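Protein chains: 2
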Amino acid sequence: MSALLPVRLAIDAMGGDHGPAITLPACRRFLDQHPEAELLLVGRADALAEAAGWPRTRIVVATEVVTMDDAVEIALRRKKDSSMRVALGLLKAGEGGRALADVCVSAGNTGALMAVARYLLKTVEGIDRPAIATVMPNQRDGYTTVLDLGANVDCTAEHLLQFALMGSALVAAVDGKNEPSVGLLNIGEEAIKGSEVIKQAGELLRAAGEAGRLNFHGNVEGNDIFKGTTDIVVCDGFVGNVALKTAEGLAAMLSNFIKQEFTRTPYARLAALVALPVLKHFKARVDHRRYNGAALLGLRGLVFKSHGSADAFAFEQALIRAHDAARRGLMQRVHDRLQAPTCADEPTPAAA
Amino acid sequence: MSALLPVRLAIDAMGGDHGPAITLPACRRFLDQHPEAELLLVGRADALAEAAGWPRTRIVVATEVVTMDDAVEIALRRKKDSSMRVALGLLKAGEGGRALADVCVSAGNTGALMAVARYLLKTVEGIDRPAIATVMPNQRDGYTTVLDLGANVDCTAEHLLQFALMGSALVAAVDGKNEPSVGLLNIGEEAIKGSEVIKQAGELLRAAGEAGRLNFHGNVEGNDIFKGTTDIVVCDGFVGNVALKTAEGLAAMLSNFIKQEFTRTPYARLAALVALPVLKHFKARVDHRRYNGAALLGLRGLVFKSHGSADAFAFEQALIRAHDAARRGLMQRVHDRLQAPTCADEPTPAAA
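Protein chains in written order, with my numbering: chain X, 1 to 352; chain S, 1001 to 1352.
Structure below.
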């Protein structure tokens, strides 16, 4: 394995529903667990005062905050000294060539974060549109990386290929899998199924697989996300967003029903007491907080997005994912995957 | 309420993974519960022999069976005496004008059923493509009707409007709700969100709502299916299929995890015994068998599709849904919704 890089994280400490009340405790725990990492905490000076004496931490003052309801235009044109914007700006290369930070994490609103990141950082060569990649738990007690999650509607086949390449780089970086498998989300396993765009995307992915640029499994269906049939599931942002929200909605309903059933009668409440350790273990296993931290891929800088409603535990997971991705050189891996005519990890004699 | 019609159901008794082993017990129970209903059981004579003496039942012999793996072409061109095809044929008006059956139910493979139904019955005026509508449970302890579920990919805005109108007719017929609410599945509630087709569909649905043709709620997201925000959720077949399969996959994973947790240790197995009545009640509440029976809408004949893997209880639910839809005049309601410039249930003086 190549040498791991020391990582400096720029944190939008004001973002999300709760701001510093959750970002600061998460950062503190993260620092303790990662003795080589450095933090740049961005936000209002008064709100971040308690972090003044922390090790490997600098406070970068930003006077404004992008709220969860702020329109993209407000974040982009008006609040030029927002914690989100200043944190993202730290990813831009300075005069010496290296940027002040290696990766940025924000729990701020997705639309604003994507727009400001795109404006400040621009996309990497060969990428029209950045994508959002998240992970969902699967039956193999691992997780499946799904992209795009809503940044792009009306995708072309070429966009879906780009998502597949960037997703492969992400999983290779974060999970250390060199050749993660890619599934194309469709409504049947047969290659003749699906819309015209999906059929074309299938052909592009197959060709990319044959050229050694990625490990293409073929078509998968919605249930394969949770089966863990492939490491990565690629889809357009509309479909990915619907799949994610549908899963969240079902999980919320089932969780409510379980609570209702275990409180419905005196016997049920007794049974709940007895079953509590088992139910807790189950809950921990499907705890969505463990999967917090979506990657914005295709930008000239690494950006991770935490759920707006994340608590300190969840925000810390996003920090860890961001840290691991940066440490294992995700930026370079994305670049290599997109440029290389053959697989970046296994150069062949025939490679151009 | 208008007079209910006596209903004659044509049953593809050979369809599905299990054929007569589950369709016959389901039909028998259904007959006992519905003293006015009549059945036409279609299939091989030897396989249906036990139904020979049943009340209000006739056996219609068909010598072939469309298997779950048969290609559409086989069902359409080769097996002309299949139980599926003969059952669907009973919906065609005879010389006297009335068809032998009012509604057909099959657990046979979806592609074949849709193709044969479309070939034999044709679509109703104004409908380009039939849709598949199913129901999913929601937090209100009711269910949400979702269409399309995979019959149509690459839909236009006009198709989505047709789905909304047909879905409204279905819910009005099966659930007795005169003005069921319709949500357009999107990736945000704001009208400006989504793909071009979805934005256009939003405008068409809004206009149809203002004209009194349906009760349009606005955009909904994936989680609203399970919240029960609207009675009906409209989407193209690709998105609907992904949402359905994603939900099925998540439910299967969670169900497996619960089983694993309650058998992991001796204590967990004891807790499972204590919690059994509670878990059973929970399971019954989310039992997908209760929601079996998808409607094929837009054909000149009523067709309901059971899951191929349905057991007798599930197949009986499909029979009940089919029966209720026919009894409350779903065919006429679809016709009225599609033709009427204003709402069919509340004619206004200005109605053309």
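Even glycine gets a Cβ: it sits at the ideal position worked out from N, Cα and C. As the structure is a prediction and not an experimental result, all values here were calculated from the model.
Item, Value
"Ordered along the chain, which non-local residues of its own chain (more than five positions away) have a Cβ less than 8 angstroms from that of residue 69 of chain X?", "109"
"State whether the stretch 1082–1101 of chain S contacts the stretch 1130–1149 of chain S, with contact taken as three or more CB pairs (one from each stretch) at a distance under 8 angstroms.", "no"
"Nearest-angstrom Cα distance between residue 173 of chain X and residue 60 of chain X?", "28 angstroms"
"Kindly give me the distance between the Cβ atoms of residue 1130 of chain S and residue 1009 of chain S, rounded to whole angstroms, as I take these residues to be in contact under 8 angstroms.", "That belief does not hold up - the Cβ atoms of residue 1130 of chain S and residue 1009 of chain S are roughly 19 angstroms apart, past 8 angstroms."
"Taking beta-carbon pairs under 8 angstroms, can you tell me which members of the stretch 1153–1171 of chain S lie near chain X?", "1153, 1154"
"Less than 8 angstroms between CB atoms is the rule here; does residue 77 of chain X satisfy it with respect to chain S?", "no"
"What did DSSP end up calling residue 187 of chain X once you bin it into helix, strand or coil?", "coil"
"Less than 8 angstroms between CB atoms is the rule here; does residue 1196 of chain S satisfy it with respect to chain X?", "yes"
"In chain S, which residues lie less than 9 angstroms from residue 315 of chain X when you measure between Cβ atoms?", "In chain order: nothing, as chain S lies at least about 22 angstroms away."
"Near residue 72 of chain X, which residues of its chain fall below 6 angstroms by C-beta distance, leaving aside the five closest residues on each side in sequence?", "111, 112, 115"
"Could you tell me whether any Cβ in chain S is nearer than 8 angstroms to the Cβ of residue 248 of chain X?", "yes"
"Closer than 7 angstroms, Cβ to any Cβ of chain X: which residues of the stretch 1292–1314 of chain S, in chain order?", "none"
"For residue 333 of chain X and residue 1322 of chain S, what's the separation of their Cα atoms in angstroms?", "55 angstroms"
"Per DSSP, what kind of secondary structure is residue 1179 of chain S in: helix, strand or coil?", "coil"
"With distance defined between alpha-carbon atoms, name the residue in X:239, X:177, X:275 nearest to residue 328 of chain X.", "X:177"
"Alpha carbon to alpha carbon, how far is residue 169 of chain X from residue 1194 of chain S?", "28 angstroms"
"If you measure beta-carbon to beta-carbon, which residues of the stretch 1215–1243 of chain S are closer than 8 angstroms to chain X?", "1221, 1222, 1223, 1224, 1225, 1226, 1227, 1235, 1237, 1238, 1239, 1241, 1242, 1243"
"At a cut of 8 angstroms, does the stretch 1223–1237 of chain S reach the stretch 1150–1168 of chain S through at least three beta carbon pairs?", "yes"
"Please list, in chain order, all residues of the same chain as residue 1019 of chain S whose beta carbon is under 6 angstroms from its beta carbon, the five residues on each side excluded.", "none"
"Based on the DSSP output, what are the partners of residue 1354 of chain S in its beta bridges?", "Absent from the structure is residue 1354 of chain S, since the part of chain S shown begins at 1001 and ends at 1352."
"Between which two residues does the beta strand (DSSP E) holding residue 116 of chain X run?", "From DSSP, residue 116 of chain X is part of no beta strand (DSSP E) but of the alpha helix (DSSP H) over 110–121."
"Do the CB positions of residue 64 of chain X and residue 81 of chain X come within less than 8 angstroms of each other?", "yes"
"Rounded to the nearest angstrom, how far is the Cβ of residue 1221 of chain S from that of residue 1187 of chain S, given a contact under 8 angstroms?", "7 angstroms"
"Could you round the C-beta distance between residue 1089 of chain S and residue 1338 of chain S to whole angstroms and report it? I think they count as a contact, below 8 angstroms.", "The pair is not a contact, with the Cβ atoms about 24 angstroms apart (cut-off 8 angstroms)."
"Could you tell me which chain S residues have their CB closer than 7 angstroms to the CB of residue 245 of chain X, listed as they occur along the chain?", "1221, 1222, 1223"
"Which residue spans inside the stretch 1275–1303 of chain S form an unbroken alpha helix (DSSP H) run of at least 4?", "none"
"Of all the options S:1119, S:1270, S:1087, which has the alpha carbon lying nearest to the alpha carbon of residue 1105 of chain S?", "S:1087"
"Excluding the five sequence neighbours on either side, which residues of its own chain have a C-beta within less than 7 angstroms of the C-beta of residue 228 of chain X, listed in chain order?", "138, 139, 140, 142, 144"
"Taking C-alpha atoms, which residue in S:1054, S:1015, S:1083 lies nearest to residue 1107 of chain S?", "S:1015"
"Residue 1258 of chain S by DSSP, collapsed to three states: which one?", "helix"
"In the DSSP assignment, find the alpha helix (DSSP H) that holds residue 124 of chain X and state where it starts and stops.", "Here residue 124 of chain X belongs to no alpha helix (DSSP H), and DSSP marks it neither H nor E."
"Contact criterion: CB-CB distance below 8 angstroms. Does residue 285 of chain X meet it with respect to chain S?", "yes"
"Please classify residue 1147 of chain S as buried or exposed, where buried requires at least 16 neighbouring CB atoms within 10 angstroms.", "buried"
"Classify residue 180 of chain X: buried if its beta carbon has 16 or more other beta carbons within 10 angstroms, exposed otherwise.", "buried"
"What's the gap between the Cα of residue 1335 of chain S and the Cα of residue 1211 of chain S?", "17 angstroms"
"Three-state secondary structure (DSSP) at residue 351 of chain X?", "For residue 351 of chain X, the predicted structure reports a pLDDT of 38, less than 50, and the residue's modelled location is therefore unreliable. A value from the coordinates is still provided. In the structure shown, residue 351 of chain X sits in coil (DSSP, three-state: anything other than H, G, I, E or B)."
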